[in-house]
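2 protein chains.
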Amino acid sequence: MMIEPRAGRPRASSRETLAEAACELFLENGYEATSIADITQRAGVSRSSFFNYFTSKSDVLWSGLDARIDDALDDLSALGTDAGGAEVRAVLENVLKDFAPDPLALALRNADAMGLEDELVRDTGLRHARLAAGVADVARRGGVGAITSDILGAAYAATLFSALRVWAERGAGSGTPTALFTDALARVHDLPWRI
Amino acid sequence: MMIEPRAGRPRASSRETLAEAACELFLENGYEATSIADITQRAGVSRSSFFNYFTSKSDVLWSGLDARIDDALDDLSALGTDAGGAEVRAVLENVLKDFAPDPLALALRNADAMGLEDELVRDTGLRHARLAAGVADVARRGGVGAITSDILGAAYAATLFSALRVWAERGAGSGTPTALFTDALARVHDLPWRI
DNA sequence: GCGATTCTTGGATCGAGTCTAACAACACTT
DNA sequence: AAGTGTTGTTAGACTCGATCCAAGAATCGC
C-alpha cells in the first residue's frame, strides 16, 4: 500500500472519477440508457480510456465485489480435503467483511431508479455461479456427491448474496452484511455436509 | 397442436433448420467464433430472419428449457400460501419431465468442444436465478424469512440444474433427468421449509 | 384479378467491446 | 538540458450482437 512514484505519464483520470460519473448517470437516466461514451464524456476523458480502468460497463458496479470473490475462490481452492462448513463459512465471511458502500451497494439499493432489475439478476447469477462452484468443489473434494455438493454450493452462495441484498436495501446504517450472513448461515448447516 | 393452414407467405425456414445449422457450426468452430451471419448463411436465409425465430444467439440453446421454466414460474406463482416442498417439487419435476435431447443438452455434453464454459456459466446462472426467485417467492409467501427463502430457492434450483448437467454429461441413454432430480431432492428436504 | 395477411429481406442504426498506432507526459540518466 | 524508457491517453477503425423499418414477395379467401 505504498505510494510508489512511478515513471511515465500520470493518470488523467481514476477509477473513482469514472465510477462516480457512471453512478450519477445511472441514477439520472438508468443503466441501459447510459452509454460508455456518456460516462467518459462526463468524466472528461475519451471513450478509449474507459477500458483502461474497467473491463466492461457492468464492471463499474461489480469490480469491488469481484475482487473479493476472486480472493475467496483462491482461499477455497486452498482448503484441504478435510475442510467442512466451518472453514467455508470463514472464507465467505471475508467476502462481506468491511464491505463499504460502493457502486454495487448503490445499485442494489436503487435498482428500480436505475432500471437494473434484469441486469442485476443476470450479473448476480454469474457471481453466484462462480462462488457456488467454488464451494461445491470443496465439498466434492471432501467426498460429498456431485449433486449434493452443488446444492451446498448454491445454498452458501445464495446466503451470501441474500445477506448482501438485504443489507443494501436496508441502507448501510443498519448493521453489517457479515452479521446478516452469519445469522442466516445457521440455516444452511442443517444440510448434511458429510455423507 | 393443430396444423392450421394460415394465410400469408409461408415460412422459408424453421426453428429446427436454424438450430441445426447453429449447432453444427458451434461444434465445428465453437460458439464464440460462430456469428449469427454464419448461422443464417448455412441455413440459407438472411441474417434478419434469424430474429424471427430466436431472440438471441444463446436463445438457440436455451429456448427449449426457457419455455419450461416459464411454465414452472407460472405454476409456482399460482401456488397458495400453504404450499410446501412437495408442491414445489411437483412443479420442478415437470421442468425436466420428458426433456428430450435438444441444443442445450448437446451444448452441455460438448461444452469443451464448443468453448462454452464461460457462456454456460453465465446463462445457467441467469436461469438458476429466475427459478430460485420463483421458489423463494413461494416460501416467502408461506411465511419463511427472506434469506431462508432465498437459500431454499437456490437449493432447489441448483438441484434441478445439477441433475440436468449430470444427465447431459452422462449421455441421454442413462436414465432420465427427472429421476436424477427426484433422487437428489431428498437432500434438500433437510432444510426447514417452515420456520 | 384484389386485398389482407404473413413472412423475408436489405439496410440503417446503435452500443459494447477489441485493437492499434500515434502521441503526450512523466522520471531518470548522462 | 537533452535523450531515453515507461506509462497513459486518444482517435479511429473494426467486429459483432441486437433493434428497427420499409419494401417486397408469397400465400390465403373472395
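If you read the sequences in order, they're chains V and H. Each residue of the first sequence is one higher than the last, beginning at 1 in the working numbering. Each residue of the second sequence is one higher than the last, beginning at 196 in the working numbering. Just so it is clear, CB atoms sit at the ideal spot from N, CA and C, and this is done for glycine as well.
Nearest-angstrom beta carbon gap, leucine 315 of chain H and alanine 306 of chain H [assumed within contact, 8 Å]: Within the second sequence, the letter at position 111 stands for residue 306 of chain H. Within the second sequence, the letter at position 120 stands for residue 315 of chain H. Sure, about 6 Å apart at Cβ, within 8 Å.
Assigned secondary structure, proline 298 of chain H (DSSP; H/G/I helix, E/B strand, else coil): Along the second sequence, read from residue 1 onward, the residue named residue 298 of chain H stands at position 103. Three-state result, proline 298 of chain H: helix.
Rounded C-alpha distance that separates serine 357 of chain H from proline 103 of chain V: The sequence position of residue 357 of chain H within the second sequence is 162, counting from 1. The sequence position of residue 103 of chain V within the first sequence is 103, counting from 1. So the alpha carbons of these two residues sit roughly 32 Å apart.
Glycine 64 of chain V classed as buried or exposed, judged by whether at least 16 other C-beta atoms fall within 10 angstroms: As a working note, residue 64 of chain V is residue 64 in the first sequence. Its Cβ being crowded by 16 or more others within 10 Å, glycine 64 of chain V is buried.
Short Cβ contact (9 Å threshold) for leucine 326 of chain H with alanine 352 of chain H: Walking along the second sequence from the start, residue 326 of chain H turns up at place 131. Walking along the second sequence from the start, residue 352 of chain H turns up at place 157. In contact: leucine 326 of chain H and alanine 352 of chain H (Cβ atoms closer than 9 Å).
With 16 other Cβ atoms within 10 Å as the buried cut-off, status of threonine 373 of chain H: Counted from its first residue, the second sequence places residue 373 of chain H at position 178. Flag for threonine 373 of chain H reads buried.
Below-9 Å beta-carbon distance, arginine 141 of chain V vs any chain H residue: To locate residue 141 of chain V, count along the first sequence from 1; it is residue 141. No, its Cβ sits nowhere closer than 9 Å to a Cβ of chain H.
Alpha-carbon to alpha-carbon, aspartate 233 of chain H and glycine 329 of chain H: Counted from its first residue, the second sequence places residue 329 of chain H at position 134. Counted from its first residue, the second sequence places residue 233 of chain H at position 38. In a straight line, the C-alpha of glycine 329 of chain H is about 36 Å away from that of aspartate 233 of chain H.
Valine 240 of chain H versus aspartate 59 of chain V: straight-line alpha-carbon distance, rounded: Numbered from its first residue, the second sequence carries residue 240 of chain H at position 45. Numbered from its first residue, the first sequence carries residue 59 of chain V at position 59. Roughly 37 Å between the two C-alpha positions.
Element boundaries [alpha helix (DSSP H), containing asparagine 94 of chain V]: For the purposes of this step, residue 94 of chain V is taken as the residue at position 94 of the first sequence. Here the alpha helix (DSSP H) through asparagine 94 of chain V covers 85-96.
Cβ distance (whole Å) where phenylalanine 393 of chain H is taken to contact leucine 291 of chain H below 8 Å: This structure gives no information on residue 393 of chain H, because the portion of chain H shown stretches from 196 to 390.
Validate contact between the segment 330-341 of chain H and the segment 137-153 of chain V using beta carbons, cut 8 Å, 3 pairs: no
Minimum Cβ-Cβ distance from threonine 17 of chain V to chain H less than 9 Å: Walking along the first sequence from the start, residue 17 of chain V turns up at place 17. Closer than 9 Å: no.
Cβ of threonine 343 of chain H within 9 Å of any chain V Cβ: For the purposes of this step, residue 343 of chain H is taken as residue 148 along the second sequence, with counting starting at 1. Chain V, which has a Cβ nearer than 9 Å to the Cβ of threonine 343 of chain H, makes this yes.
Local Cβ density within 10 Å of threonine 229 of chain H, reported as buried at 16 or more and exposed below that: Counting from one through the second sequence, the residue named residue 229 of chain H turns up at place 34. Burial call: buried.
Through-space distance from glutamate 227 of chain H to aspartate 313 of chain H, alpha-carbon basis: The count along the second sequence starts at 1 and reaches residue 313 of chain H at position 118. The count along the second sequence starts at 1 and reaches residue 227 of chain H at position 32. Cα-Cα distance, rounded: 10 Å.
C-alpha distance - glutamate 223 of chain H paired with alanine 216 of chain H, whole-angstrom precision: Against the second sequence, residue 223 of chain H aligns to sequence position 28. Against the second sequence, residue 216 of chain H aligns to sequence position 21. Approximately 11 Å between the Cα atoms of the pair.
Straight-line gap, aspartate 74 of chain V to glycine 80 of chain V (C-alpha atoms, nearest Å): Walking along the first sequence from the start, residue 74 of chain V turns up at place 74. Walking along the first sequence from the start, residue 80 of chain V turns up at place 80. Roughly 12 Å separates the two Cα atoms.
Tyrosine 248 of chain H vs serine 209 of chain H beta-carbon contact at 9 Å: Walking along the second sequence from the start, residue 248 of chain H turns up at place 53. Walking along the second sequence from the start, residue 209 of chain H turns up at place 14. For tyrosine 248 of chain H and serine 209 of chain H, yes; Cβs fall inside 9 Å.
Same chain, Cβ closer than 6 Å to alanine 363 of chain H, neighbours up to 5 away in sequence not counted: Numbered from its first residue, the second sequence carries residue 363 of chain H at position 168. If we look at alanine 363 of chain H and ignore the five residues flanking it on each side, its Cβ neighbours are Ala300, Leu303 and Arg304.
9 Å Cβ cutoff met for arginine 127 of chain V and tryptophan 62 of chain V: Taking the first sequence and counting its residues from 1, the one referred to as residue 127 of chain V is at position 127. Taking the first sequence and counting its residues from 1, the one referred to as residue 62 of chain V is at position 62. Yes, the pair counts as a contact, with Cβ atoms nearer than the cut-off.
C-alpha gap between glycine 320 of chain H and aspartate 183 of chain V, whole angstroms: Here the question's residue 320 of chain H lines up with position 125 in the second sequence. Here the question's residue 183 of chain V lines up with position 183 in the first sequence. When rounded, the distance between both Cα atoms is 25 Å.
Beta-carbon proximity list for lysine 252 of chain H, same chain, < 7 Å, skipping 5 on both sides: Locating residue 252 of chain H in the second sequence gives position 57, where the first residue counts as 1. The answer, listed in chain order, is Ile231.
Reduced DSSP category for arginine 170 of chain V - H, G, I as helix; E, B as strand; rest coil: As a first step, residue 170 of chain V must be located in the first sequence, where it is residue number 170. Three-state result, arginine 170 of chain V: helix.
Exposure label - phenylalanine 294 of chain H; buried when at least 16 CB within 10 Å: Locating residue 294 of chain H in the second sequence gives position 99, where the first residue counts as 1. Classification for phenylalanine 294 of chain H: buried.
Whole-angstrom distance between glycine 368 of chain H and arginine 170 of chain V, CA atom to CA atom: Within the first sequence, numbered from 1, the residue matching residue 170 of chain V stands at position 170. Within the second sequence, numbered from 1, the residue matching residue 368 of chain H stands at position 173. Distance between the alpha carbons of arginine 170 of chain V and glycine 368 of chain H is about 50 Å.
Under 9 Å between C-beta atoms of isoleucine 151 of chain V and valine 361 of chain H: For the purposes of this step, residue 151 of chain V is taken as residue 151 along the first sequence, with counting starting at 1. For the purposes of this step, residue 361 of chain H is taken as residue 166 along the second sequence, with counting starting at 1. Result no, Cβ atoms of isoleucine 151 of chain V and valine 361 of chain H do not sit closer than 9 Å.
Test item: CB-CB of glutamate 24 of chain V and arginine 42 of chain V under 9 Å: Position 24 of the first sequence, counted from the first residue, corresponds to residue 24 of chain V. Position 42 of the first sequence, counted from the first residue, corresponds to residue 42 of chain V. Cβ atoms of glutamate 24 of chain V and arginine 42 of chain V: closer than 9 Å.
Alpha-carbon to alpha-carbon, alanine 7 of chain V and aspartate 265 of chain H: Locating residue 265 of chain H in the second sequence gives position 70, where the first residue counts as 1. Locating residue 7 of chain V in the first sequence gives position 7, where the first residue counts as 1. Distance between the alpha carbons of aspartate 265 of chain H and alanine 7 of chain V: 56 Å.
Test item: CB-CB of glycine 175 of chain V and leucine 116 of chain V under 9 Å: By 1-based counting over the first sequence, the position of residue 175 of chain V is 175. By 1-based counting over the first sequence, the position of residue 116 of chain V is 116. Cβ distance not < 9 Å, so glycine 175 of chain V and leucine 116 of chain V don't count as in contact.
Cβ shell of leucine 18 of chain V (< 6 Å), same chain only, five flanking positions each side left out: The residue given as residue 18 of chain V occupies position 18 in the first sequence. If we look at leucine 18 of chain V and ignore the five residues flanking it on each side, its Cβ neighbours are Ala43 and Tyr53.
Minimum Cβ-Cβ distance from glycine 153 of chain V to chain H less than 9 Å: Taking the first residue of the first sequence as 1, we reach residue 153 of chain V at position 153. Chain H, which has a Cβ nearer than 9 Å to the Cβ of glycine 153 of chain V, makes this yes.
Which of helix, strand or coil DSSP assigns to proline 177 of chain V: Residue numbering aside, residue 177 of chain V sits at position 177 when the first sequence is read from its first letter. If DSSP states are grouped into helix, strand and coil, proline 177 of chain V belongs with the helices.
Supposed contact pair serine 49 of chain V and threonine 55 of chain V - C-beta distance, whole angstroms, cut 8 Å: For the purposes of this step, residue 55 of chain V is identified with residue 55 of the first sequence, where counting begins at 1. For the purposes of this step, residue 49 of chain V is identified with residue 49 of the first sequence, where counting begins at 1. Actually they are not in contact, since the Cβ atoms of threonine 55 of chain V and serine 49 of chain V sit about 13 Å apart, beyond 8 Å.
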